[in-house]
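To start, the structure under review is shown below, and the notes come after it.
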Amino acid sequence: MSSGEGGDATRRSVASKMEKTQRLLQHPQLAKSVPATRWLSEESLAELLRKHRMVYVKPDVGRMGIGVMRVERTGSGWAYQSGEKVRRFATRSGLYRSLAKRIGDTPYLVQRGIRMLEHEGRPFDFRLMIQQDRSGAWACNGTAARVAHPAKIVSNGSQGGTIFEPMRLLAPAFGQTEAEALLRRMDRIALQTAGELGRSYPALRELGLDLAVDTSGKPWILEVNTRPDPCPFTKLDDPAIIRRIVEYGKGYGRHYKLICNKAKKAP
Numbered sequence: 349m350s351s352g353e354g355g356d357a358t359r360r361s362v363a364s365k366m367e368k369t370q371r372l373l374q375h376p377q378l379a380k381s382v383p384a385t386r387w388l389s390e391e392s393l394a395e396l397l398r399k400h401r402m403v404y405v406k407p408d409v410g411r412m413g414i415g416v417m418r419v420e421r422t423g424s425g426w427a428y429q430s431g432e433k434v435r436r437f438a439t440r441s442g443l444y445r446s447l448a449k450r451i452g453d454t455p456y457l458v459q460r461g462i463r464m465l466e467h468e469g470r471p472f473d474f475r476l477m478i479q480q481d482r483s484g485a486w487a488c489n490g491t492a493a494r495v496a497h498p499a500k501i502v503s504n505g506s507q508g509g510t511i512f513e514p515m516r517l518l519a520p521a522f523g524q525t526e527a528e529a530l531l532r533r534m535d536r537i538a539l540q541t542a543g544e545l546g547r548s549y550p551a552l553r554e555l556g557l558d559l560a561v562d563t564s565g566k567p568w569i570l571e572v573n574t575r576p577d578p579c580p581f582t583k584l585d586d587p588a589i590i591r592r593i594v595e596y597g598k599g600y601g602r603h604y605k606l607i608c609n610k611a612k613k614a615p
C-alpha cells in the first residue's frame, strides 16, 4: 500500500512512483508516453537492458533525484553511475550484486532509459507545473527546462541542475515552429495526466510532471510529483509565472517557501 492519508478520494499526495505509473497506463494515449517500468529484480534489469541497453533505476518513493542511478551496456561490460561516480563491471550479474548491496531492502524500479536531448553535452528534461483553479479546472502554469550538472545524470535543481527557458533549448534542436508545437503537445500530455490522476485521486490539486524529449522529438513521462517544488520557476525570466503558481497554490491552501538556492539560473 502506498503512503497517503485515507482512501484514494481523500489523498492529497501519492508517494509511490509505480502506483502513479500504473494509473497512467490505464489511459490509452498516455500509455504511449510512459517508458517501460518494472519492479527492480535481476530478471527485470536483464530484460530491459536487452531491449534498450540503458536504463534508470530509482527508488519507488523518493524525491530530488536522490538514489537515481543510470545502468548501461558498455563496449567492455556493464556500468552504473550514482552521483558523480561510475562503477564498471565485467558481468551483468556482478553489476546487479553491487546494485542490490547498495539498495538493500528499499523498493526500487527499473525504467527504460530515454536518450534525451542534450545541451553542451548535458542531458535536459522539463518540469511542468499543473494546478487546479478554484472551479476545479486544471491549468499548465509553467514549463522549465532543467539541464543536468556536468558530472551527474539527473537534472534536478537540488542536484546542481541549471534552469533554462524551454524555447532557448528546443528552438536550436527543432526550429521555432516545431518547438512551439512540441511545447503545446507537452501541455496536452500534462493536462491528460492531471485528468487521469485527478479521476483516481480527486483530492489532488497540483502536479509536477517531469518530461524528457528524445532525439526524434517524442515526449516521455519520466514521473509525476504530487507535492512539486516550485523553485525551478523562480529561475525563469518571466516573474509572472511564479506569481501565477503562488496565487493558484493559495487557492487550495498551499504556501511555498521560495528559498531556492540550489538550482542555477541559465547564464
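Oh and the sequence shown: position 156 is 504 in my numbering, straight run, nothing missing. Yeah, the Cβ is synthetic: ideal placement off N, Cα and C, and Gly gets one too. Being a predicted model, the structure only gives us computed values, none of them experimental.
If you draw a straight line from the Cα of Glu554 to the Cα of Thr582, it is about 17 Å long. By the neighbour-count definition (other C-beta atoms within 10 Å, threshold 16), Ser483 is an exposed residue.
Taking all protein chains shown into account, Arg475 has 16 or more neighbouring C-beta atoms within 10 Å of its C-beta and is therefore buried. The residues Gln524, Ala527, Glu528 and Leu531, in chain order, have a CB closer than 8 Å to that of Met515 in the same chain once the five nearest residues on each side in sequence are set aside. Within its own chain, the residues whose Cβ lies closer than 7 Å to the Cβ of Tyr596, once the five positions on either side in sequence are excluded, are Gln479, Asp481 and Asn489, listed in chain order. Distances from the CA of Gln540 to each of Ala611, Lys449, Ile569 and Val362 were compared; the closest alpha carbon is that of Ile569. In the displayed model, Gly599 falls within a helix according to three-state DSSP.
Exclusion of the five residues before and after Arg440 leaves Trp426 as the residues of its chain whose Cβ lies within less than 6 Å of its Cβ.
Distance from the CA atom of Glu420 to the CA atom of Met534, rounded to whole angstroms, is 28 Å. In this structure, the alpha-carbon of Pro520 lies about 17 Å from that of Arg463.
The distance from the Cβ of Leu373 to that of Val382 is about 6 Å, consistent with a contact at the 8 Å cut-off. For Val409, the secondary structure class from DSSP, reduced to helix, strand or coil, is coil. In the structure shown, the three-state DSSP call for Val382 is coil. DSSP places Ile590 in the helix class (H, G or I) of the three-state scheme.
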